[in-house]
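The structure under discussion appears below in the form of structure tokens.
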Amino acid sequence: MTHNAIIDLYSDTQTRPSAGMRQAMATAEVGDEQRGEDPTTRLLEERVAAMLGKEAAVFLPSGTMCNQIAMLVHCRPGDEIIGAETTHLFTSEAGGASALAGAQTWPIRCPRGIFTGADVVAALRDTAGRHNPRSRVVVIEQSVNRGGGAVWKPAEIADVAAAARAHGLSLHMDGARLLNAAVSAGLPAAAMTAEVDTVWLDLTKGLGCPVGALLAGPKPFIAEAWRWKHRLGGAMRQSGVLAAAGHHALDHHVAALADDHANARRLAGWIAAAPGIVVRTDPIETNIVFFEATSPLLTRQLLDGLKAKGVRMGMTYGNMIRAVTHRDVSATEIDRVGAILADIARTLSMGPASMPNVA
Ligand SMILES: *Cc1c(COP(=O)(O)O)cnc(C)c1O
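Here the sequence shown stands for residues 1 to 359, numbered as in the numbering used here.
Here's what the structure looks like:
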């Protein structure tokens, strides 16, 4: 197997299939998934539906397709989706909700991407007016990516769910990192999903799978989701090879997410100790750490300096650097990153003019 020479904290999507996972994939029982004849995929769908306390689930190529299909089923053109302003569905899916479902968005400004039932009520359109769009669905993200991996507590979800239900709206959970949230809270995933109508989880975020996500909900919803899966070209053939990776991840990689969370806290310790660099994620609940230097320019130089030393992170939101810990970066490597970071920080704090040329 080949390994990256770099330490890649760009995203937990950088996890790669392990030897054991590849073995499981190689020996998977397969059939024609489009026809419902792939036993490994069907078993994974049943397993995830049970795990999330829903009637049914459908295997899809990506989390983005889960969100998009969910909106296509929940909404009619002209409907409105309510969610945090930073939610992936609004910011990072190429405008899919408007391009595909024809829905428009109502972004709620809120700390760490977590809002309340009262926020939902305040965002509702007046149903009396014929000129108003129809508020249709509320989206929450578990954990909140741009909220630094913040975890919605069951009581917070219940509060939003009650408001949505009282006003005839559906509640959808983007559970890209649902299992991180569950492990962090020490709760079964179903405790996080009991109050939501539809939910999906990603197999490619931190779990090591090459492809795949599962969207779960009531049977009629999943039947409708299947129609869109066909329309969008998401129906597969011998997908058991991919589903086997999912089974392997759920069997072997979930508990270890706690190590990723410990590594995120470990990294934050290094960052906090470095001169002129501030951790912006507080508290660190899961595997995401946002931080920055004292100016966007210095932050950019810090990011470039890390890259020059073989450490990859991202800078995509609010001029902050995002580091995401995952199973393919060890505590020892985190300490190496910490030492590199401390080194660069000392140089940076002397001012931009003294920065080494890292181009
Ligand atoms: C990554 C991510 C997605 C999209 O998932 P893909 O599998 O990459 O398509 C959606 N929502 C959140 C919060 C994410 O982090």
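C-beta: ideal position from N, C-alpha, C; glycine also.
Using three-state DSSP, classify I114 as helix, strand or coil.
Three-state DSSP puts I114 in coil, outside helix and strand.
Work out the CA separation of A118 and M21 for me, nearest whole Å.
Answer to the nearest angstrom: the Cα atoms are 44 Å apart.
Which runs of the beta strand (DSSP E) at least 3 residues long sit entirely within the stretch 39 to 93? Give them in chain order.
The stretch 39 to 93 contains these whole beta strand (DSSP E) runs: 56 to 60 and 79 to 84.
Cβ of K205 versus every heavy atom of ligand 1: is any distance shorter than 7 Å?
Placement of the Cβ of K205 at a distance of less than 7 Å from at least one heavy atom of ligand 1 is found.
If you draw a straight line from the C-alpha of L250 to the C-alpha of L207, how long is it?
When the Cα atoms are used, L250 and L207 turn out to be separated by approximately 8 Å.
So what's L171 in DSSP terms, helix, strand or just coil?
L171: strand per DSSP, three-state reduction.
Is the Cβ-Cβ distance between I288 and V324 less than 8 Å?
Yes, the pair counts as a contact, with Cβ atoms nearer than the cut-off.
Could you tell me whether the stretch 298 to 314 touches the stretch 259 to 271, using the rule of 3 or more Cβ pairs below 8 Å?
The answer is no - the stretch 259 to 271 does not touch the stretch 298 to 314, with fewer than three Cβ pairs under 8 Å.
For the putative contact between A308 and L52, defined by C-beta atoms under 8 Å, what is the C-beta separation to the nearest angstrom?
Rounded, the Cβ-Cβ distance is 43 Å, inconsistent with contact.
Does ligand 1 have even one heavy atom less than 7 Å from the beta-carbon of D335?
Not under cutoff, so the answer is no.
Quick one: what does DSSP say V30 is sitting in, helix, strand or coil?
Three-state DSSP puts V30 in coil, outside helix and strand.
When DSSP builds the beta bridges, which residues end up paired with S135?
In the DSSP assignment, S135 is bridged to E80.
Inspect the beta-carbon positions of A171 and D202 and report whether they are closer than 8 Å.
Just to set this straight, residue 171 is Leu in the shown sequence, not Ala. No; because the gap between Cβ atoms is not below 8 Å, this pair is not in contact.
DSSP bridge partner residues for E292 (one or two, in chain order):
Partner(s): V278.
How should V120 be labelled, buried or exposed, when 16 other C-beta atoms within 10 angstroms of its C-beta is the threshold for buried?
Residue environment for V120: buried (at least 16 other C-beta atoms within 10 angstroms of its C-beta).
Using a threshold of 7 Å, is the CB atom of D202 nearer than that to any non-hydrogen atom of ligand 1?
D202 Cβ: within cutoff of ligand 1.
DSSP three-state assignment for A272, whether helix, strand or coil
The answer is helix: DSSP assigns A272 an H, G or I state.
On a Cα-Cα basis, can you pick out the residue from L9, V138, A57 and Y10 that is closest to A243?
Of the candidates L9, V138, A57 and Y10, the residue whose Cα lies closest to the Cα of A243 is A57.
By DSSP, does T316 sit in helix, in strand, or in coil?
DSSP places T316 in the strand class (E or B) of the three-state scheme.
How would you call N357, buried or exposed, if buried means at least 16 neighbouring beta carbons within 10 angstroms?
For N357, the pLDDT reaches just 44, beneath the cut-off of 50, and the residue's location in the model is therefore unreliable, although a value from the coordinates is still provided. So N357 ends up on the exposed side.
Nearest-angstrom Cα separation, counted from L257 out to L267
Those two C-alpha atoms are separated by around 15 Å.
Does the distance from the C-beta atom of A24 to that of H247 stay below 8 Å?
Less than 8 Å separates the beta-carbon of A24 from that of H247.
To the nearest angstrom, how far is it from the Cα of G149 to the Cα of I340?
Roughly 24 Å separates the two Cα atoms.
Alpha carbon of W226 to alpha carbon of A122, nearest angstrom:
Going from the Cα of W226 to the Cα of A122 covers about 34 Å.
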